[in-house]
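Comments concern the structure below.
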Amino acid sequence: MSFEDDEYSSVSWDTGATDSFKPEDLLDEDNEEPSQDLDSSTFSAVNNSIFSTLAPSTINHSNSNEEHKDNQHPTTDSFVPNITVPVAHAMTITVTDPIKELDGTKEAFISYLITTKTTLDSFTDPKVVVRRRFQDFVLLHNSLNQDFAACVVPPLPDKHRLEFVEKRRASLQRFLDRLARHPTLQNSEYFRIFLESREWNAESLYRQKKSDGVFENLGDVLLNAFSRIKKPDERFVEIKESVDKLEENLQTIERLYFKIIKRQTDLDADYREFGASIVNLGQLETGISRQLEKFGEAINKFSDAWKQMTDQEDHEYLNQIREFLSYCHCIKNVLKLRDQKQVDFEELSEYLQGARTEKENILSTGKGSMGLSSFLREKVDYIKNIDQEQSKKERIQKLDAKINELSKEVESSNDISEKFSDEVAREYEIFQNAKTVELKECLLAYTDRHVEFYRQGMQLWEEIIPILEEIKN
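Counted the way UniProt numbering counts, the sequence shown spans residues 1 to 473.
Structure (C-alpha cells):
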C-alpha cells in the first residue's frame with residue numbers, strides 16, 4: 001500500500017468495545033429479564049481517567065486485624081513483580097427482607113433491603129438503608145462495566161438458575177460483598193448512589209439514556225476482532241493459563257458435586273421409605289410397636305436433617321462454584337480487551353513503520369515502494385509533464401505529516417496499552433485475594449453444615465438408644 005495516497009485527516013483508534021443492555025431490556029423481575037451472557041462483557045471507550053482510580057487507602061475491608069494482614073499480604077504468587085494492590089475501605093453490606101411489591105399485577109417484582117455500613121467519607125451517613133429490585137442490580141452491573149473497563153466487575157446471578165428468592169438474595173449478597181472488597185469499585189460514584197440515593201429512579205433513567213450510545217465504536221472493534229497479538233506479554237499468557245486451569249478445576253468440582261447432590265437426594269428418599277417400613281413393621285409387632293414407631297420417627301428426623309444439609313449445600317456451596325465460573329469468564333473478557341489494546345498499538349506501529357519505509361524508498365530511488373498506486377502516479381506525472389522533483393517533495397511532505405501524526409498516535413496507544421495492562425495485572429491480584437477469602441468462607445460454611453448435620457444425627461441416635469433398650473429379650 002502507499003501511505004501517501006491514504007486519504008485521511010486524522011488517526012482515531014477505538015479503545016474498547018461496548019455491549020450493553022438497552023433500557024427496554026430492563027424488564028420487571030417476574031417477566032423476562034436481561035440475561036448475563038458469560039461470553040460477553042460490557043466495555044467502554046478507555047481514556048486516562050480510568051487509570052487514576054486505584055488510589056491506595058489505609059483501611060481494609062475486614063473485621064479483624066488478622067484478616068487485615070492477610071489481605072495486605074496475599075498468599076498467591078503475583079504475576080507482576082513488586083505490584084501494589086490497594087486496600088479497600090471498611091464496608092459492610094447486607095441484603096435482607098425480600099418482599100413482593102405490586103403483588104397480583106403484571107408489574108409485580110421482588111425488592112430487597114440493602115443496609116450499608118461504611119467509613120467512606122463520600123457517604124452522607126455511616127449507615128444507610130434503601131430498597132432495590134433485581135433490575136437495579138443489572139443497571140449497576142452494566143454501569144460499572146461501562147465506567148471501569150479495566151476492572152473485573154463481579155458477575156450477577158443468572159436468573160434461569162435461581163428458582164428461590166433466598167437463593168437469589170444470597171447471590172446478590174455475594175455480588176455486593178465482592179464490590180465492597182474491591183478498592184476501585186467500592187469508590188465508584190454510581191455504586192454510592194445505588195447504596196444510598198433516595199432519588200434512584202431519576203438516576204436510573206439518566207444512566208439508561210447515557211448507555212444509548214454504547215455501540216458507536218463497535219464497528220472499529222470488529223475490524224480488529226480477528227487480529228492476533230504478534231508479541232504476547234508473558235505475564236498475561238500465564239494469567240490466562242492460570243484462569244483456564246481454575247475454570248477447568250471448578251467445572252470438575254461442579255460436575256462431581258452435582259452427582260453428590262443427586263446421590264444425597266436419592267438417599268434421602270430411601271431413608272424416608274426405610275422409616276415408613278419400620279413404622280409399618282411396628283403395626284405387626286404388637287409387643288414392640290411403640291419402640292419401632294419411635295425408631296421410624298428417628299429415621300424421618302434424620303432424613304429431614306439430611307435434606308436440610310443437601311439443600312443448603314446446593315443453595316450455597318454449589319451455587320458459589322457456579323458464580324466462580326462466571327467470575328472466570330469476566331476475567332477472560334478483561335484479558336481480551338487488554339489484548340485488543342496491544343493489537344491497536346502493534347497495528348499502529350506497523351502503519352508508522354510502513355510510512356517510514358515508503359519515505360526511505362522515495363528518497364533512495366524516487367520510486368517509493370513500487371506499489372501500483374506509486375507506479376501509476378509516476379506515469380501520470382510523466383504524461384502530464386509534471387516536475388518529478390517537485391512531485392517527490394510534495395509526496396515526502398505528505399508522508400512527513402502522516403509520520404508525525406502516526407508517531408503521536410503510536411505513543412498514545414502505547415501509553416494506553418501499558419496502563420491498561422498494569423491495571424489488569426493489578427485486577428488479577430485483587431481477584432486472587434478475593435478468591436482466597438471466598439474459598440475460605442465457602443469451605444468453612446460447607447464444613448459447618450456437615451458438623452451440624454452429624455451433631456443432629458448423634459443426638460437423634462443417642463435419644464433412641466434407651467427406647468430400644470426397653471425391648472425385652
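We put the beta carbon where it would ideally sit given N, CA and C, even for glycine.
Note that this is a predicted model, so its numbers are computed, not measured.
1. I'd like the span of the alpha helix (DSSP H) that includes Tyr271, first residue to last.
2. Could you check the C-alpha separation between Leu267 and Glu189 for me, to the nearest Å?
3. Taking Lys435 as the reference, which of Leu460, Glu101 and Val243 has the closest Cα?
4. Does DSSP put Thr116 in a helix, a strand or coil?
5. Run through the DSSP bridge pairs and tell me what Glu196 is partnered with.
6. Report the CB separation of Leu113 from Arg131 in whole angstroms; it is logged as a contact under 8 Å.
7. In its own chain, which residues sit with a C-beta less than 7 Å from the C-beta of Lys301, not counting the 5 before and 5 after it?
8. Have a look at Ile193, Tyr454, Phe420 and Ile465 and flag the residue whose alpha-carbon is nearest the alpha-carbon of Phe148.
9. Whose CA, out of Asp103, Ile99, Met91 and Leu468, lies closest to the CA of Ser289?
10. Looking at the structure shown, is Thr94 part of a helix, part of a strand, or coil, going by DSSP?
11. Our contact map puts Ser171 next to Asn414 with C-beta atoms below 8 Å; I'd like the distance itself, whole angstroms only.
12. Who are the near neighbours of Arg455 in its chain, counting only those whose CB is closer than 8 Å to its CB and skipping five residues on each side?
13. With DSSP as the reference, label Ile99 as helix, strand or coil.
14. Assuming Glu346 and Lys230 are in contact, meaning their beta carbons sit under 8 Å apart, how far apart are those beta carbons, in whole angstroms?
15. What does a CB cutoff of less than 8 Å around Glu166 pick up in its chain, not counting 5 residues either side in sequence?
16. Label Ile403 either buried or exposed according to how many other C-beta atoms from any shown protein chain fall within 10 Å of its C-beta, with 16 as the threshold for buried.
17. Taking the alpha carbon of Arg322 as the point to measure from, which residue in Lys106, Thr92, Lys127 and Pro157 has its own alpha carbon closest?
18. Drop a sphere of 10 angstroms on the beta-carbon of Val237, count the other beta-carbons inside from all chains shown, and report buried for 16 or more, exposed for fewer.
19. Pick out whichever of Gly354, Asn333, Phe123 and Val410 has its Cα sitting closest to the Cα of Ala90.
20. Use the C-beta contact count for Asp177: other C-beta atoms within 10 angstroms, 16 or more gives buried, fewer gives exposed.
21. Would you say Gln309 and Arg169 are within 7 Å of each other, going by their C-beta atoms?
22. Over the uninterrupted beta strand (DSSP E) stretch that includes Val130, give me the two end residues.
23. Could you pull out every residue in the same chain whose Cβ sits closer than 7 Å to the Cβ of Leu352, ignoring the five residues on either side in sequence?
24. For Asp344, which of Glu418, Asp304 and Ala108 has the nearest alpha-carbon?
25. Buried or exposed: which applies to residue 479, given that a residue is buried once 16 or more other Cβ atoms fall within 10 Å of its Cβ?
26. Grab the span of the alpha helix (DSSP H) containing Ala170 for me, first residue to last.
27. Measure from the alpha carbon of Ala183 to the alpha carbon of each residue in Asp422, Ala276, Arg356 and Val87, then state which is nearest.
28. Just how far apart, CA to CA, sit Leu139 and Ile278?
29. Using alpha carbons as the reference points, say which of Ala180, Asp136, Met458 and Glu101 lies closest to Thr118.
30. Using a Cβ-Cβ cut-off of 8 Å (strictly less than) and excluding sequence neighbours within five positions of Ile396, which residues of its own chain qualify?
31. Kindly indicate the opening and closing residues of the alpha helix (DSSP H) around Glu313.
32. Please classify Thr116: is it buried, with 16 or more other beta-carbons within 10 angstroms of its beta-carbon, or exposed?
33. Might you give, ordered along the chain, the residues of its own chain that have their beta carbon closer than 8 Å to the beta carbon of Pro126, omitting 5 neighbours on each side?
34. Using the C-alpha atoms, what's the distance from Gly296 back to Tyr271?
35. Using 8 Å for Cβ pairs, my map puts Phe431 next to Ile331. What's the rounded Cβ distance?
36. Quick check on the burial criterion: 16 or more other C-beta atoms within 10 angstroms. Buried or exposed for Arg263?
By the coordinates alone:
1. Residues Glu234 to Leu284.
2. 50 Å
3. Checked all of Leu460, Glu101 and Val243; the closest Cα to Lys435 is Val243.
4. strand
5. None; Glu196 has no bridge partner.
6. 6 Å
7. Leu460
8. The residue with the shortest Cα to Cα distance from Phe148 is Phe420.
9. Leu468
10. strand
11. Actually they do not touch by this definition, with Cβ atoms about 40 Å apart.
12. none
13. strand
14. At roughly 5 Å, the Cβ-Cβ gap stays under 8 Å, so Glu346 and Lys230 are in contact.
15. Pro98 and His315
16. buried
17. Pro157
18. exposed
19. Phe123
20. buried
21. Per the sequence presented here, residue 309 reads as Met, with Gln not at that position. Not in contact: Met309 and Arg169 (Cβ atoms no closer than 7 Å).
22. Lys127 to Arg133
23. Only Ile403, Leu406, Ser407 and Val410 meet the Cβ criterion.
24. Glu418
25. Nothing in the structure corresponds to residue 479, since the chain is present only between 1 and 473.
26. Val165 to Arg181
27. Inspection of the sequence shows that residue 183 is occupied by Pro rather than by Ala. When only C-alpha atoms are compared, the closest one is Val87.
28. 55 Å
29. Residue Ala180 is the option with its Cα nearest to Thr118.
30. Lys359, Ile362 and Leu363
31. Here Glu313 belongs to no alpha helix (DSSP H), and DSSP marks it neither H nor E.
32. buried
33. Lys117, Thr118 and Thr119
34. Distance between the alpha carbons of Tyr271 and Gly296 is about 10 Å.
35. 6 Å
36. exposed
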